[in-house]
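Here the sequence shown is numbered in our numbering, starting from 36 and rising by one per residue.
Every residue gets a Cβ at the ideal spot worked out from N, C-alpha and C, and that includes glycine.
Quick caveat: nothing in here was measured; it's all calculated off a predicted structure.
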Amino acid sequence: LKASAMQGCQLPMLERNSHKGVLFGGLALLMLATRYHHFGDALHLPDASLAVFFLAGALLTSIAAFPLLLLEAGLIDHLAMSVNGVSDWCFSPAYWFLIPTYACLWLGGRWSPSIYALTSGQVIAVCAIFVVATTIAFIISNGSFYAFSGKFQELNLLEYGTRVVKYYPPYIFNAFLYTASAVIAVGLWQKFRKSPLSPSRLNKA
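So, in structure tokens, the structure goes:
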């Protein structure tokens with residue numbers, strides 16, 4: 036009886052672990068597919084890294100996901116510059132500030148209501164947290180580049196800000212599209228799992 040009870044407890048745990056593994060793999064692939072070129076064009080989608088870190092915080096319980104995704108981002112950038120010939124203009128001492136930049140998104144995701152069962156009120160809360168986290172990330176990323184890249188010594192902070200602010204709308208809009216798409220996909224998956232026609236329910240019948 037004890038053995039069967041332990042097996043019954045282990046099966047849901049294994050299912051949850053495999054589910055989280057699939058989610059992590061999907062997020063890692065999304066970043067790999069979009070970060071290599073960073074900017075979208077007719078052939079390539081915009082970089083999804085901001086959304087990936089927010090979703091990792093919201094969907095994955097393991098803290099290890101954050102450093103693993105950071106490592107992946109660094110490796111992708113290294114390969115893009117060394118193999119694909121992408122310009123290293125953005126690579127400077129300010130590059131290390133991508134760590135707190137992405138940490139803002141990851142923490143925002145962890146502080147958000149559970150995406151697995153959102154009410155209408157919680158959707159608004161998630162959107163608000165996302166906007167705040169992404170805005171802080173934008174300020175850290177661009178502020179550190181101004182302060183530590185050594186490329187804007189002729190500009191004061193106000194002049195730099197007026198040049199950079201035009202990049203804020205696409206910065207937050209692209210990340211929002213990826214995040215909203217993921218939230219919708221999770222919601223549809225949850226409804227499918229609860230449907231009488233889902234494989235898990237059919238097996239239990």
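Specify the secondary structure class of residue i as computed by DSSP and reduced to three states.
i    : result
N191 : coil
F126 : coil
V118 : coil
L49  : Low confidence applies to L49: its pLDDT is 41, below 50, so where it sits in the model is not reliable, and the reading given next is rough at best. Three-state DSSP puts L49 in a helix.
Compute the distance between the beta-carbons of residue i and residue j, then report whether it is under 7 Å.
i    : j    : result
F173 : Y181 : no
L140 : L103 : no
L142 : L94  : no
L62  : V87  : yes
R145 : G60  : no
Y158 : N177 : The question names Tyr, yet the displayed sequence has Val at residue 158. No, the pair does not count as a contact, with Cβ atoms beyond the cut-off.
P148 : A138 : no
Would you grab the beta carbon distance between residue i and residue j for me? Rounded to a whole angstrom, and I think it's under 8 Å.
i    : j    : result
T170 : A210 : No, T170 and A210 are not in contact; Cβ-Cβ is about 11 Å, not under 8 Å.
F89  : T214 : 6 Å
I164 : T136 : Incorrect: roughly 16 Å between the Cβ atoms, too far for contact.
I83  : L64  : Here residue 83 is Ala; the residue named in the question, Ile, does not match the sequence. With a Cβ gap of about 10 Å, A83 and L64 do not count as contacting.
P81  : T69  : 7 Å
M116 : F126 : 7 Å
V166 : I207 : 7 Å
Compute every distance between the C-beta of residue i and the non-hydrogen atoms of the ligand ZN, then say whether any falls below 6 Å.
i    : result
L133 : With respect to the ligand ZN, the structure shown offers nothing to examine, as it has no ligands at all.
**OP:** Output the residue ranges of the alpha helix (DSSP H) runs that lie fully inside the region 59-109 and measure 4 residues or longer, sorted by chain position.
**Re:** 84-94
Original post:
Three or more C-beta pairs closer than 8 Å, one from the region 200-209 and one from the region 143-160: is that the case here?
Top reply: The region 200-209 is not in contact with the region 143-160.
**OP:** Enumerate, from N- to C-terminal direction, the unbroken alpha helix (DSSP H) stretches of 4 or more residues contained entirely within the region 145-229.
**Re:** 155-183, 192-199 and 203-229
Original post:
Between the region 129-139 and the region 99-114, do three or more beta carbon pairs fall short of 8 Å?
Top reply: Touching, yes, given that three or more Cβ pairs across the two stretches are closer than 8 Å.
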